[in-house]
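Chains as they are written, first to last, in my numbering: chain A, 1 to 139; chain B, 10001 to 11053.
Don't be surprised by glycine CBs; every beta carbon is placed ideally from N, CA and C.
Since the structure comes first, as structure tokens, the remarks are kept for the end.
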């Protein structure tokens, strides 16, 4: 039963990550179509960048602690990339250059999005698998 | 010329020409013979050797025959020609002769080769006359130029190939010169030749190559030439150049692409014939003949000397920036090129074509460029109707909109939408589709107009001009005298600040604390308030820190008077720059305006403090090199973004004798549309005039406030990136808190659709701003550019100045993300790719071995590219330029208008000693190539790059002159001597010359540096490193650079 609960937790964390990334993408898209000015866009994005990084780190850590080393391993490249950006102080969007970097910022986040969705499906699979297994035992 | 030009624009015509071209293509040279048909044969028989020469014209005549009567006259000439030919030796000379012939015919045929002519100058006159004298003279004319250029000299020198030739050559030489002016025929050639003439001196050098080439060529070239020449060539010329009129229209068509008329010639080869000849001898000048391209002979030709190329024959922009005239003539209603320049006026019609153009398609915009008196931009007030704009794309009404439906509708030229004409704006349309009230509507006849914007163009009431000063008063500022010069200058400018009674002004000074000044008009003396809490900056007074100048004038003056003495005893070495910047922001954020920062040392306290990251030599050459040129602390970028948001423009004046991290401070100016002024080692005794002039100009020039700029363009193309000092507010909207005439912006565009179906693409630059008088205005520049289907046409319409301006910005941006080396390589690669693509256009039809070919329009591109690689931001490595100077130059070049940039890259070098001694009129036109060889030890030279003068005293210069100019102590160290007016005619004269130079370029003050020959390292520092044609450090000299480019062009060609 614990397994199922753990997977449920991972699932919600992943959903949270997903929401944060989609939010950033929306801000960038709004900026591109001129619904929002670069100052607001950059400050909104920058507000969620660190939470995103931290959530992702926590997720990776939880995977490890709960013994799901394979899932943890899958998270490592993402984590490494985030840490690298942070160390180079490039994790925040630069408001002055935002238009020149727009395409790159979007591409980066789309990749992250794909990555998270992949994790999400694996998480779902394990959750259901565990749940069914539990059922089997109970019978 | 005028008439001709029109022809060019008519691309449609081309088709007709094309037929020829096609023929040509199939029959390169040999084909020409056939084309000529019976005639050609005739020629040959007639005048054996000589006949050949003459013949060509004839032959051409026949071909052209029906087409161009004018040509025939030349036949009559034949006799004369024959005489010349004596040197049947034929090939070498003949060819040349032919070429020339063709030209003459052309000239006669094509009335005027305007564009070319303009270059040389001579040709222009001739054209008109040609027709009459044409026949006889044409031959002679044409021949001389060509021959002289190439083969004759060669032959002489080498002596090998054509013994006969020499004499003829000489004759021709002499003849040609006189003729050009007198005869019209020559003009055509002249146009193309202009370069050639210039090259004459170089012949000797060239000759070897040419000769070697010539031998093989003769037979083939001959025929070809003949065929082509006679008529074809002529026709082709006109076309290309615009001569077309005379030549059959068809020829025009052909020319564009390939000069159709002459089979051989017509195809790309049009040039060919020319080229071939050119090959022989003339290095640069070739274009004349063929027109399509210019070429340079390089040593690699088999049999030629290894020496290769003739240095004197290399193209040099000694006339300064030459704008392509043909384009302006094509679209007379376009805005002036001082406002908008396209890198190529021919917009490619497909993405595949665009991808073969490696020079970036783009534009350089200088929206507020200074206009000469009489050409001011007209101001239009649409008070009653509202500004007429397209409903869909928001384009402003302009001369290219079409009125239809009897004047009730107008069609937008950019998006083709049919708009209603407001009833107040209605006017009837006459039979030709023109509005009857055209002459009262400047917006419908002028490419540049200014609309007065109604309230819907304002988000707040127009702001007053506002100047705020943030002044460093630490010990170095006081000691260097900066404070005093600055206070005096500001005080002297108070009367001429724009905005009359609305102008606002304010001051903050700082060292380790921040000092505010209450300037309330009721006070007699300003009140100073000191804030020492740097972590939590607050403004001690809500009002009165920023006051109306006219009301508080006396307080402001009292403040400026006392400022230097107030801090006389200040021993504080700290600079709380970051907090002071915040304080200034708090004070200004209500209104916006212009913030002038006077910074003397590295920010050392509070937010935004900067480390002495220095110029670490170990970092150079590594992947981290570029980080030195990037802003170190994000604080400054964030501040810059906030400044722009609140319409504050920042100008940074930096004076330190030590490292001040201009790379970081400059971002403030970069993103706010400002500018960086850098005075390393500022000393009032030396730099006073410079600071005074530049600060005065900054304060008093006409400034546009709280501006935004957008460039619209027709369907299918889109501006994708912008380069310069500004911040983007949305994908295509440039935020410019303050703009003035010294700022230019570059943009690159790309094709969105795979195929453009329109004939013309329109561009419209709109700058919405608040004028100093408090009016909201929109300045609109409109330009049209033809869509072309052919790469050669794009090259023909290229504008070197705009290309270089764009390149320099791209290269400087590249230095921010990679090594200097890579930035230089990127410039070189682009030039090589462009030349290689160009070569591929013609390589099939022409024998190009050993020659470097380039379009006439881009003949200076390699040189400017070289100069760019040697400019301060890109030059060398660690030891060549100080990091701060590099950054300051980079920020400056990012904003420089085209003309100033070109002057900075290829400065003027003029000799003045003769002029001083004889007290003659000073002629700025006599510019010299920038190489050490231009410097005569007996001479006195002025080197002027728009930012400084270097006056070079030759070793053997008469001591009299030196004495007169610098006084009795002329033997002492020049670094301690400054040039000032003395009481003798020579000194007065030179000051007059210097002032004359300064007046022509008032954007910056050119400080004089005196340099004596052999006085190292001073001479090297000031002058030798700036002689871009010489080998400096590890960089190439001009000749080596050309050889290098040539080799690279040939690789994988």
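Relative to the alpha-carbon of residue 10735 of chain B, which residue among A/9, A/39, A/18 has its alpha-carbon at the smallest distance? In the second chain, counting from the first residue as 1, residue 10735 of chain B sits at position 735. Minimum Cα distance to residue 10735 of chain B is reached at A/39.
Just how far apart, CA to CA, sit residue 10805 of chain B and residue 10742 of chain B? Locating residue 10805 of chain B in the second chain gives position 805, counting from the first residue. Locating residue 10742 of chain B in the second chain gives position 742, counting from the first residue. Answer to the nearest angstrom: the Cα atoms are 14 Å apart.
Give the interface partners of residue 10728 of chain B over in chain A, defined as CB-CB distance under 9 Å, in chain order. What you label residue 10728 of chain B is simply residue 728 of the second chain in a count that begins at 1. Residues of chain A passing the Cβ test: 38, 96, 97, 98, 99, 100.
DSSP three-state call for residue 10944 of chain B: helix, strand or coil? Position 944 of the second chain, counting from 1, holds the residue named residue 10944 of chain B. In the structure shown, residue 10944 of chain B sits in a strand (DSSP, three-state: E or B).
Cutting at 8 Å between CB atoms, please list the residues of its own chain near residue 91 of chain A, excluding the five before and the five after it. Residue 91 of chain A sits at position 91 when you count from the first residue of the first chain. Answer for residue 91 of chain A: 49, 50, 53, 82, 85, listed in chain order.
Is there contact between the stretch 10327-10340 of chain B and the stretch 10779-10787 of chain B, where contact requires at least three CB pairs shorter than 8 Å? yes
In chain B, which residues lie with their C-beta within 8 Å of the C-beta of residue 105 of chain A? As a working note, residue 105 of chain A is residue 105 in the first chain. The premise fails here: residue 105 of chain A is roughly 14 Å from chain B at the closest Cβ pair, so nothing lies under 8 Å.
Return the CA-CA distance between residue 11035 of chain B and residue 10869 of chain B, expressed in angstroms with no decimal places. By 1-based counting over the second chain, the position of residue 11035 of chain B is 1035. By 1-based counting over the second chain, the position of residue 10869 of chain B is 869. The alpha-carbon atoms of residue 11035 of chain B and residue 10869 of chain B are separated by roughly 8 Å.
By the 10 Å Cβ neighbour count, where 16 or more other Cβ atoms means buried, how is residue 11041 of chain B classified, buried or exposed? Numbered from its first residue, the second chain carries residue 11041 of chain B at position 1041. Buried, because 16 or more other Cβ atoms sit within 10 Å of the Cβ of residue 11041 of chain B.
Per-residue contacts from residue 10721 of chain B into chain A (C-beta, under 8 Å): For the purposes of this step, residue 10721 of chain B is identified with residue 721 of the second chain, where counting begins at 1. Simply 100.
Taking the DSSP output, what are the residues bridged to residue 10733 of chain B? On the second chain, residue 10733 of chain B is found 733 positions in, with the first residue counted as 1. Paired residue(s): B/10710, B/10730.
In the DSSP assignment, the beta strand (DSSP E) including residue 10782 of chain B goes from what residue to what residue? Sequence index remark: in the second chain, residue 10782 of chain B carries index 782 (1-based). 10776-10788 is the span of the beta strand (DSSP E), which, as asked, contains residue 10782 of chain B.
Step through the CB atoms of chain A and report whether any lies within less than 8 Å of the CB of residue 11064 of chain B. For residue 11064 of chain B there is no data in the structure shown, the boundaries of chain B being 10001 and 11053.
Enumerate, from N- to C-terminal direction, the unbroken alpha helix (DSSP H) stretches of 4 or more residues contained entirely within the stretch 10294-10379 of chain B. 10325-10330, 10351-10355
Can you tell me the Cα-Cα spacing of residue 10894 of chain B and residue 10746 of chain B, whole angstroms? Here residue 10894 of chain B corresponds to residue number 894 of the second chain, with the count starting at 1. Here residue 10746 of chain B corresponds to residue number 746 of the second chain, with the count starting at 1. Computed Cα separation, rounded: 9 Å.
Rounded C-alpha distance that separates residue 10562 of chain B from residue 10494 of chain B: Start at 1 with the first residue of the second chain, and residue 10562 of chain B comes out as number 562. Start at 1 with the first residue of the second chain, and residue 10494 of chain B comes out as number 494. Straight-line Cα distance between these residues: approximately 16 Å.
Own chain, CB closer than 6 Å to residue 10370 of chain B, minus 5 neighbours either side, in chain order: Within the second chain, the letter at position 370 stands for residue 10370 of chain B. Hits under 6 Å: 10741.
For residue 10639 of chain B, the three-state DSSP class (helix, strand or coil): Position 639 of the second chain, counted from the start, is the residue given in the question as residue 10639 of chain B. Correct three-state label for residue 10639 of chain B: helix.
Sub-8 Å separation of residue 10765 of chain B and residue 10368 of chain B beta-carbons: The residue labelled residue 10765 of chain B in the question sits at position 765 within the second chain. The residue labelled residue 10368 of chain B in the question sits at position 368 within the second chain. Cβ atoms of residue 10765 of chain B and residue 10368 of chain B: not closer than 8 Å.
Under 7 Å (Cβ pairs) to chain B, residues found in the stretch 28-58 of chain A: 32, 34, 37, 38, 39
Contacts of residue 10731 of chain B in chain A (Cβ-Cβ under 9 Å): Stepping through the second chain from its first residue, residue 10731 of chain B is reached at position 731. Per Cβ cutoff of 9 Å: 31, 32, 33, 34, 99, 102.
Checking contacts by CB at 8 Å: is residue 10891 of chain B closer than that to chain A? Within the second chain, residue 10891 of chain B is the residue found at index 891, counting from 1. Cβ-Cβ to chain A under 8 Å: no for residue 10891 of chain B.
Let me check understanding here. Comparing Cα to Cα, which of B/10444, B/10787, B/10958, B/11024 lies closest to residue 10346 of chain B? What you label residue 10346 of chain B is simply residue 346 of the second chain in a count that begins at 1. Per the Cα distances, B/10787.
Can you list, in chain order, the stretches of the alpha helix (DSSP H) that have 4 or more residues and sit fully within the stretch 10787-10832 of chain B? 10791-10796, 10800-10815
Taking a contact to mean a Cβ-Cβ separation below 8 Å, would you say residue 10357 of chain B touches residue 10791 of chain B in this structure? Start at 1 with the first residue of the second chain, and residue 10357 of chain B comes out as number 357. Start at 1 with the first residue of the second chain, and residue 10791 of chain B comes out as number 791. Against a cut-off of 8 Å, the Cβ pair of residue 10791 of chain B and residue 10357 of chain B comes out as a contact.
List the whole-angstrom C-beta distance separating residue 10803 of chain B from residue 10359 of chain B, where the pair is believed to meet the contact cut-off of C-beta under 8 Å. If you number the second chain from 1, residue 10803 of chain B lands on position 803. If you number the second chain from 1, residue 10359 of chain B lands on position 359. Going by Cβ atoms, the distance from residue 10803 of chain B to residue 10359 of chain B rounds to 5 Å, so yes, they are a contact pair.
Mind the definition here: the stretch 10627-10647 of chain B touches the stretch 10583-10593 of chain B only if three or more C-beta pairs lie below 8 Å; say whether that holds. yes
Taking only runs of the beta strand (DSSP E) that begin and end inside the stretch 10504-10586 of chain B, which ones reach a length of at least 3 residues, in chain order? 10504-10510, 10514-10518, 10527-10531, 10546-10548
Counting only the same chain and skipping the five closest in sequence on each side, list residues whose C-beta sits under 7 Å from that of residue 10630 of chain B. In the second chain, residue 10630 of chain B corresponds to position 630, counting from 1. Answer for residue 10630 of chain B: 10663, 10816, listed in chain order.
For the stretch 10651-10683 of chain B, which residues have a CB atom closer than 7 Å to at least one CB atom of chain E, in sequence order? This model lacks chain E altogether; the protein chains it does include are A and B.
Using only alpha-carbon positions, find the residue among B/10555, B/10835, B/10651, B/10635 that is nearest to residue 10598 of chain B. Position 598 of the second chain, counted from the first residue, corresponds to residue 10598 of chain B. It is B/10651 whose Cα lies nearest to the Cα of residue 10598 of chain B.
Limits of the alpha helix (DSSP H) - the one that residue 10997 of chain B falls within: Position 997 of the second chain holds residue 10997 of chain B. 10985-10999 is the extent of the alpha helix (DSSP H) around residue 10997 of chain B.
Check whether the stretch 10421-10432 of chain B and the stretch 10387-10406 of chain B are in contact - that is, three or more C-beta pairs closer than 8 Å. yes
Residue of B/10926, B/10497, B/11022 minimising C-alpha distance to residue 10700 of chain B: Your numbering for residue 10700 of chain B matches position 700 in the second chain. Cα-wise, what sits closest to residue 10700 of chain B is B/10497.
Closer than 8 Å at the beta carbon, the chain A residues around residue 10640 of chain B: Along the second chain, one-based indexing puts residue 10640 of chain B at 640. Chain A residues near residue 10640 of chain B: 96.
In terms of alpha-carbon separation, which member of B/10657, B/10703, B/10654 lies closest to residue 10673 of chain B? Within the second chain, numbered from 1, the residue matching residue 10673 of chain B stands at position 673. The residue with the shortest Cα to Cα distance from residue 10673 of chain B is B/10703.
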